[in-house]
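Everything on this sheet refers to the single structure shown next.
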Amino acid sequence: DTGVSQNPRHKITKRGQNVTFRCDPISEHNRLYWYRQTLGQGPEFLTYFQNEAQLEKSRLLSDRFSAERPKGSFSTLEIQRTEQGDSAMYLCASSLALVAGELFFGEGSRLTVL
Amino acid sequence: AQTVTQSQPEMSVQEAETVTLSCTYDTSENNYYLFWYKQPPSRQMILVIRQEAYKQQNATENRFSVNFQKAAKSFSLKISDSQLGDTAMYFCAFANAGTASKLTFGTGTRLQVTL
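Here the protein sequences come in this chain order: A and B.
The numbers in the numbering used here rise by one with no breaks, and the one at position 8 of the first sequence is 28.
The numbers in the numbering used here rise by one with no breaks, and the one at position 11 of the second sequence is 1348.
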């Protein structure tokens, strides 16, 4: 049984570069979420998909951020023109729509912007 | 907007003892869910326990139980017979029934279980 997989686990980049994170959810889960977690804080909701449709985006998700889930399977989160404030852990989670709030999280992708 | 407050940044408990983690929340909604998630060091977050606001009975999962006080907007987690493997960050979270998987998290309580 494979859980939620995120790649890369760590990414160090220079300010202004673009980065992309990938999330592979649990295969039968139709919902996929992205959260951001900074040091000393709880995760903050960014966006979520039901199948391939992006149903909601947080105001935290500026125009530099884009997320896709092209075939309702894996998802990518791209950050363009990274800023130091983007440094955080980016968490992906998946769930079945019928089970309220039971999210299965990946181990996260840690981004450091120098 | 909903808020979730965890006022205990760190707690410590001895193995086999009982510990209670506090959580308060603020919402104008009447139908919602509350959760406790556990994030062990360098491992993924997992759901510990869930409570539906319309249920008066407190949820229980093995050694984990909650004290849900809807009028006080309080949702504490009790861990009985603490084990070393309970060492983790614990996050309280809230979700409206309408968007039941969009969670609002508190800032977490770091629990250390000692011998």
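Each residue gets a CB set at the ideal place from its N, CA and C atoms; glycine is no exception.
Since the model is a prediction, treat every value here as computed from it, not as a measurement.
Per-residue DSSP class, three states only, for residue i
{"i": "L1421(B)", "result": "helix"}
{"i": "Q1381(B)", "result": "coil"}
{"i": "D83(A)", "result": "coil"}
{"i": "Q37(A)", "result": "coil"}
{"i": "Q1393(B)", "result": "coil"}
{"i": "Q1343(B)", "result": "coil"}
{"i": "Q100(A)", "result": "coil"}
Residue i: contacting residues in chain A (beta-carbon distance under 9 Å)
{"i": "A1432(B)", "result": "A120, G121"}
{"i": "Y1370(B)", "result": "A120, G121"}
Cutoff 7 Å: residue i Cβ touching any chain A Cβ
{"i": "T1444(B)", "result": "yes"}
{"i": "Q1339(B)", "result": "no"}
{"i": "Q1381(B)", "result": "yes"}
{"i": "R1387(B)", "result": "yes"}
{"i": "L1384(B)", "result": "yes"}
Per-residue contacts from residue i into chain B (C-beta, under 7 Å)
{"i": "S25(A)", "result": "Per Cβ cutoff of 7 Å: no residues; S25(A) is ~10 Å from chain B at best."}
{"i": "R51(A)", "result": "S1438"}
{"i": "E72(A)", "result": "Under the 7 Å cutoff, chain B gives no residues; its nearest Cβ is about 17 Å from E72(A)."}
{"i": "E76(A)", "result": "K1439"}
Closer than 7 Å to chain B by CB, residue i
{"i": "F85(A)", "result": "no"}
{"i": "E127(A)", "result": "yes"}
{"i": "Q61(A)", "result": "yes"}
{"i": "F41(A)", "result": "no"}
{"i": "S115(A)", "result": "yes"}
Length of the line joining the Cα atoms of residue i and residue j
{"i": "T1451(B)", "j": "Q1420(B)", "result": "8 Å"}
{"i": "I46(A)", "j": "K31(A)", "result": "23 Å"}
{"i": "S95(A)", "j": "F1401(B)", "result": "33 Å"}
{"i": "T22(A)", "j": "T33(A)", "result": "29 Å"}
{"i": "Y1427(B)", "j": "N38(A)", "result": "33 Å"}
{"i": "F85(A)", "j": "S115(A)", "result": "22 Å"}
{"i": "N1368(B)", "j": "N1433(B)", "result": "7 Å"}
{"i": "E103(A)", "j": "V133(A)", "result": "6 Å"}
One or two residues paired with residue i in a DSSP bridge
{"i": "Y68(A)", "result": "Y53(A), E76(A)"}
{"i": "S1349(B)", "result": "Q1449(B)"}
{"i": "Q26(A)", "result": "C43(A)"}
Chain A residues whose Cβ lies nearer than 7 Å to that of residue i
{"i": "F1428(B)", "result": "G62"}
Within chain B, the residues that residue i reaches when beta carbons sit closer than 8 Å
{"i": "F65(A)", "result": "K1439, L1440, T1441"}
{"i": "Y68(A)", "result": "S1438, K1439"}
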